[in-house]
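In case it helps, the working numbering puts the sequence shown at residues 29 to 534. The C-beta atom is built at its ideal place from N, Cα and C for all residues, glycine as well. To keep things clear, I will list the structure first and then write my remarks on it.
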Amino acid sequence: MAARTPTTRRPRRSRGAGQWLAFTALIVSLLVLLLPLALGGGSATAGMASVRLPESPGDLLPALREKPVLMAAAAVAGGVCLFCCVVCMPMLCILLRYWRTLFFFWTGGLYADAGPKLGLSKYSRAHLYSLASVPWLMTQPHYRTGTFQEDMLTNLRNVVLPTGLFGVPLSVFARSRVHTVLAVLVLLPSVAFVGAWWRKWHGLEDSAAECFGRSLLAPTDWFQLWRLNCRLACMTSLATQSKDFELEDKWVFIQNCLEKKIPVTPVMDWPVTLVAKDCLEEGGMGIHVLKNVLHGGRWILQEKLDNCDAVKSLLPSEAPLSTMRVLTGSHGALADLGVASVARSKAHTLATVWRAGRQGASTDHSCIMVNVPNCKSSDVLGRASSSAHWYARGWKSLGMPVSTKDGSITAHPDTGLVLEGKRLPGASEAAELCERAHDMLMPGVPLAGWDVAFCPSKTGGAEPELILLEANLSCNFFRGDIDWTSYADLLDEHFLAIDAWRRSRR
């Protein structure tokens, strides 16, 4: 599987003279402020009132020679501004390009024109188009909640901006379209700027400018990829009105799997209603009444599944069921979007990650995410990552890292066992199972994240029994290696068709 990161095509033109003029104006402004300070010996306002400035540029040099303090101040100001020009000019160019692309789409620019006009790669064009669409999308219906804004408020409430100090839920930036626009225009570039220098200073990046550009124009971090996938799912469901998106409902998913004879977690027919009580609480507290979905309720009652022995050997004792996330992509929705020239192709695995659960955790949401780099041909595990700092709300963020490097973990933190190079039996078969399930269950969904359990074989064999738990249609890659070429093509083709659909409605 290709692990090449996306690139952004640079437009073939020189930097505008206006940008250099802006920095020249900054230098002149600083000199104008420093001149009365040095000559007047007081505040800038007082100096300006009491000192007659040189009347012509030719008179400025003698004045500078007569005032060594002014000479030194001017040299310092010039040096600082020159340093800022050299260091920050690449970032300024990137920021202006980012803003220009957003306003290009906000003022009605065609998706098809963004590539040649703005010098964007397929992936950058798709990312920025979908990001610019968020204010419009917030008021649109969502396939699993009322609106896209409601889905943002729900799913961002436990995700924070990592600061190492205090974790603020990102849902605060989804309270209104004004909040969101400000976040897109100001917060995201600010975070990208600080994050780029933080990663540079901590040896995670060779160039702060390249990191800044990647964060704004072609992001590879799990959070922005997740949000991009969420936008693709919502916009595709709006355009096609496909019933395939109903499989986000776990019960509908299980029913369809049983109908198509795809291995899925079993459901208990009995009891009709389950009552669970806390051992010590009283006064009517600690009681949970769960009515079985098979008998008109809302609760899916299931027996707890166990890891197979091969998986247990890689985990600490008392670890939860540890599943593999397989993310598959399909072009099946393009026909529903009116793209007649594209033949319906089979689903393709884009990334695979095994979530190695932590000791004492109830689910594998508490885990390290182990990359499975060559899932179609090999069961060998790669290096691991963690996103725990993104979920540390409030003061839990204190002392946690601002950013981490993908693949920075080699051993399980609870056991010290080196996972890199170990074999996860059944990983390649799991990828094939998910591709087949995508084609059979939801060909009209562009991306699906499948959770696969590796359970003990019912026949007593050495190989695990693979069972699907659920499919996530607004999915993330869990920091695994991605087939960037296939992913960029899928995004680009879908957003090109979606943009044409949106224009046809006007």
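Which residues DSSP lists as bridging I315, in chain order: K305
Inter-stretch contact at 8 Å, needing at least 3 Cβ pairs: the stretch 306-324 / the stretch 421-431: no
Where I122 sits in the DSSP three-state scheme: helix
Residue from E346, L245 and S358 with nearest C-alpha to G472: S358
Minimum C-alpha distance to G388 - residue among A416, A379 and E346: E346
Residue span of the alpha helix (DSSP H) that contains F251, given as start and end: W250 to T268
The stretch 199-217 / the stretch 159-174 touching (three or more Cβ pairs under 8 Å): yes
Residues near D527 by beta carbon distance below 6 Å, same chain, minus five either side: Y139
Validate contact between the stretch 411-418 and the stretch 169-179 using beta carbons, cut 8 Å, 3 pairs: no
Alpha helix (DSSP H) runs contained entirely in the stretch 442-477, provided each spans 4 or more residues: 455-469
Of the listed residues F273, E491 and K450, nearest to N335 (C-alpha basis): E491
At least 3 beta-carbon pairs within less than 8 Å: the stretch 130-145 vs the stretch 231-240: no
Alpha carbon of H170 to alpha carbon of K374, nearest angstrom: 26 Å
Other residues of its chain near R153: CB distance less than 6 Å, five sequence neighbours each side excluded: A142 and G143
Status (buried if at least 16 other CB within 10 Å, exposed otherwise) for D297: exposed
Nearest-angstrom Cα separation, counted from F523 out to Y126: 18 Å
Nearest-angstrom beta carbon gap, H440 and P429 [assumed within contact, 8 Å]: P429 to H440, Cβ: 19 Å. No contact.
Cβ-Cβ separation, G195 to V188 (assumed contact under 8 Å), whole Å: 3 Å
Nearest neighbour of G360, chosen from H376, P348, L349 and T351 [CA to CA]: H376
Anticipated Cβ contact below 8 Å, E498 with F281, distance rounded: 6 Å
For M468 and D272, believed in contact at Cβ under 8 Å, the rounded distance: Contact flag wrong, Cβ pair sits at about 11 Å.
Of the listed residues V212, D517, R534 and S502, nearest to R259 (C-alpha basis): S502
Nearest residue (CA-CA) to W382, options S390, F240, V339 and V222: V339
heavy atom of the ligand MG below 7 Å from S413 C-beta: You won't find the ligand MG in this model; it holds no ligand whatsoever.
Simplified DSSP assignment, three categories, for D20: No answer is possible for residue 20: the residues shown for the chain start at 29 and end at 534.
Rounded Cβ spacing between T268 and L365 (contact assumed at less than 8 Å): 6 Å
Contact under 8 Å by Cβ, R451 with V398: no
Check whether I328 and W279 have beta carbons under 8 Å apart: yes
Range of the contiguous alpha helix (DSSP H) that encloses T208: R205 to L210
Distance between beta carbons of V480 and T391, contact taken as under 8 Å: Incorrect: roughly 15 Å between the Cβ atoms, too far for contact.
Beta-carbon gap between E276 and R172 smaller than 8 Å: yes
Host beta strand (DSSP E) of M352 (start-end): M352 to G357
Span separating the alpha-carbon of G192 from that of G477: 30 Å
Same chain, Cβ closer than 7 Å to A459, five either side skipped, listed in chain order: V354, T377, T380, C403 and K404
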